[in-house]
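Heads up: the structure comes next, in structure tokens.
Protein chains: 2
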Amino acid sequence: MEHKDFLAMELNKVEEHLLKTLKTRSKMVEASLSDFVKSGGKRLRPALTIIGSTFGDYKSEVAIPLASAIEIIHMATLIHDDIVDDAEMRRGTKTMQSTLGKNTAVYCGDFLFTRAFMLIADMAEVEMMKDLSKAIAFICDSEIDQNEQKYDQTVDVRKYLKRIGGKTAALFSLSIAVGAHKAGCDRKITSKLSNVCKNIGMAFQIIDDILDFTGDEKTVGKPLLSDAKQGIFTLPIIYSLQGSYKEETIKAIERIERDNGESLLNCAVKSGGLDRTKRLGIKFISKATKLKDSLPNGYGKDAITAIIEKQLERKF
Amino acid sequence: MEHKDFLAMELNKVEEHLLKTLKTRSKMVEASLSDFVKSGGKRLRPALTIIGSTFGDYKSEVAIPLASAIEIIHMATLIHDDIVDDAEMRRGTKTMQSTLGKNTAVYCGDFLFTRAFMLIADMAEVEMMKDLSKAIAFICDSEIDQNEQKYDQTVDVRKYLKRIGGKTAALFSLSIAVGAHKAGCDRKITSKLSNVCKNIGMAFQIIDDILDFTGDEKTVGKPLLSDAKQGIFTLPIIYSLQGSYKEETIKAIERIERDNGESLLNCAVKSGGLDRTKRLGIKFISKATKLKDSLPNGYGKDAITAIIEKQLERKF
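First to last, the sequence lines map onto chains A and B.
Heads up: the first sequence begins at 0 in numbering that gives the first Met the number 0, then just goes up one per residue.
Heads up: the second sequence begins at 0 in numbering that gives the first Met the number 0, then just goes up one per residue.
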């Protein structure tokens, strides 16, 4: 079987598993969760869990529930993020908070967290529960940081990297590590995989933040500059605020509601902020590539290489 | 040592444990969580965990983290409830969503859930994780039900009981069961304790719902009729809608914003709705008492008796 087919086949099973796991008392909530699953997403995190599992003794019946649990945690964080961000759209469809209201969305997120924990508990994996709990706590911490740093023009690259390390890279890293661990990989390989994916996660978030400036609204599935509009300053703005375009950038931030972010996008381009951001993204990609090279040859390594390469071509 | 002193002493340790466990990166969030802890609450659920543990081989170092985890889960659900309810006040102090904003409050709740799971995972108790996850999922389900049933004048007693069974009684029941289980009690006693506390939980929530009508605003710590004002119809209204006061009750509901619930309170009194609610509360108290009587004599039984008796005198 082709490598790509294997991953696609396993991810299909994750899809079925997700729909099965998300059955609940309220038909309205169930329908909404099922719509959310069907609206897709990149399924990058469950893919990492499956890929991680191939480095050991791959068992579909182990990898699929684990990968599903990871995706469910991710879905829960997205639902809560959308509440916090007042987001109308995600993946080109209406968000749960906009269709069911913030109220139901809060509990749907909580419900998903517990479903994920139940899947993991079914595997009798106490250490994994701890790691997952830590990762979620880390995501929360970073989202809280992001919230506290809103409209703060002194946010620097270090704070930004810490923030995205927590809100994105930690779960990437954990996704592959749980797969590898559960498939019986030793500590050394698990930690190497974890490190590779941490760097992929950093690059992934940086590229996400670039796409928020330069992406195609329809392809990205949500309005552009949505972060900046809520006062979340990502790397292109942070860089833009550092150089000789500082004053212009500050003015562009003030003008964002009126000109729909046009001046700010201009600043990010002219100041070289976007270019510098891209360069940093590429740096993380390179680091991931370098770390990946020392992995044992085989399906898993090829699959990781494909994921790394895909990052640079991402349109959404 | 006096019985009461023992529980007070152990609950003090829970207090310390809570403050220690809730340390986090953001000083603002930590301060806010610590204020929340210090604002008190009845600590009924952790008390049940401690009491449950006394039915087996009581070890403070086991019971305290467990009781803390239970209270943290309860705190998390309160924080998320307050977001959903747009609540300004809780326990006589400002709610987290009103001081830190809904955004931070969403993540604080998530953060607390994960902290609780981490405490349980530290005990290497996989079964307990499953039970806790189920209980939280049950709470979420019931809160979603409550939300879907908003402004629904056809909600009946059965639906109401199912709702409060999930949102309150399930955690009461689990609180004592985890304590008993972890202290080595056998299934029979654990299940009996669980059943007693399920009934206490039902009575507790019914009395809560009565106090929302007849309590003293200052003592209760939040505005009266706050449920009805948001369209949550509890037992006094459900009963009031059943009899010959139906039309008057409907009108009173429509008038609630204008007269601050005065007509609705009148209806609940005149229709006998409040009296019937009280009687049902007492029925659950009696059932709890009866079930409790067959427990082995000793400290635990006395403590449960005291808790049951206290319910009937509750002012908040």
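A virtual CB, placed ideally from N, CA and C, is assigned to each residue, including glycine.
Computed from a predicted structure; not experimentally measured.
Chain-order list of chain A residues neighbouring F171 of chain B: empty, with the shortest C-beta distance near 18 Å, by a criterion of under 7 Å. In this structure, R162 of chain A lies away from S132 of chain B, with their beta-carbon atoms at least 9 Å apart.
Considering only beta carbons, the part of the region 8 to 26 of chain A lying closer than 8 Å to chain B consists of T23, R24, S25, in chain order. Counting only Cβ-Cβ distances below 8 Å, K133 of chain B has contacts in chain A at T113, M117, in chain order. For C266 of chain B, the closest C-alpha among the options B:T53, B:I307, B:T248, B:Q148 is that of B:T248. Look at the beta carbons and you see the region 44 to 53 of chain A touching the region 168 to 179 of chain A: at least three pairs across the two are nearer than 8 Å. Per DSSP, L160 of chain B is one residue of the alpha helix (DSSP H) stretching across 156 to 163. By the Cβ test, the region 91 to 109 of chain B is not in contact with the region 189 to 205 of chain B, since fewer than three Cβ pairs between them sit closer than 8 Å.
The residue among B:K187, B:N259, B:I306 with its C-alpha nearest the C-alpha of P295 of chain B is B:K187.
DSSP places N194 of chain A inside the alpha helix (DSSP H), whose first and last residues are 186 to 213.
Listed along the chain, the chain B residues whose CB falls inside 7 Å of the CB of T103 of chain A are I143, N146.
The shortest CA-to-CA distance from D185 of chain B to any of B:G91, B:E14, B:F54, B:M74 is the one to B:F54. No Cβ of chain A is located within less than 9 Å of the beta carbon of F35 of chain B. What H79 of chain A touches in chain B, judged by beta-carbon distance under 8 Å, is V105, Y106, D109, going in chain order. In this structure, DSSP gives K314 of chain B a state outside helix and strand, which the three-state scheme calls coil. Put simply, the backbone Cα of K282 of chain A is about 27 Å away from that of R90 of chain A. Take D226 of chain B, set aside five residues on each side of it, and the residues of its chain with a beta-carbon closer than 6 Å to its own are D211, T233, in chain order. Taking I82 of chain B as reference, the option from B:P64, B:C107, B:I63, B:E70 with the minimal CA-CA separation is B:C107.
Using a Cβ-Cβ cut-off of 9 Å, K129 of chain B counts as an interface residue toward chain A, since at least one Cβ of chain A sits closer than that to its own.
In this structure, P222 of chain B sits away from G272 of chain B, with a CB-CB distance that is not shorter than 9 Å. CA-to-CA, the gap between I209 of chain B and T276 of chain B works out to about 7 Å. Assigned with DSSP and collapsed to three states, M117 of chain B falls in helix. Using beta-carbon distances, D274 of chain A does not count as an interface residue toward chain B, since no partner is under 9 Å.
Taking a Cβ-Cβ cut-off of 7 Å, V61 of chain B has no neighbours in chain A, whose nearest Cβ is about 16 Å from it. Using a 10 angstroms sphere on the CB of N11 of chain B, the tally of other CB atoms stays under 16, which defines it as exposed. Under the DSSP definition of a beta bridge, T92 of chain A partners with A:R89. With a minimum length of 4 residues, the unbroken runs of alpha helix (DSSP H) contained wholly in the region 35 to 78 of chain A fall at 43 to 53. Counting along the chain, F283 of chain A sits inside the alpha helix (DSSP H) bounded by residues 272 to 292. I138 of chain A has a beta carbon lying within less than 9 Å of a beta carbon in chain B.
Within the region 64 to 95 of chain B, contact with chain A at the beta-carbon level (separation under 7 Å) is assigned to H79, I82, V83. Under the Cβ distance rule, D121 of chain A counts among the residues neighbouring chain B, one pair being separated by less than 9 Å. Between V195 of chain B and K309 of chain B, the gap from beta carbon to beta carbon reaches 9 Å or more. Ranked by Cα distance from K58 of chain A, the options A:G164, A:F112, A:A179, A:K129 are led by A:A179. If only complete runs of 4 or more residues are kept, the region 220 to 268 of chain A shows the alpha helix (DSSP H) at 225 to 228, 234 to 239, 245 to 253, 255 to 258, in order along the chain. Chain-ordered, the chain B residues with CB closer than 7 Å to the CB of V28 of chain A read I143. Contact of V125 of chain B with chain A is assigned, a C-beta pair being separated by under 9 Å.
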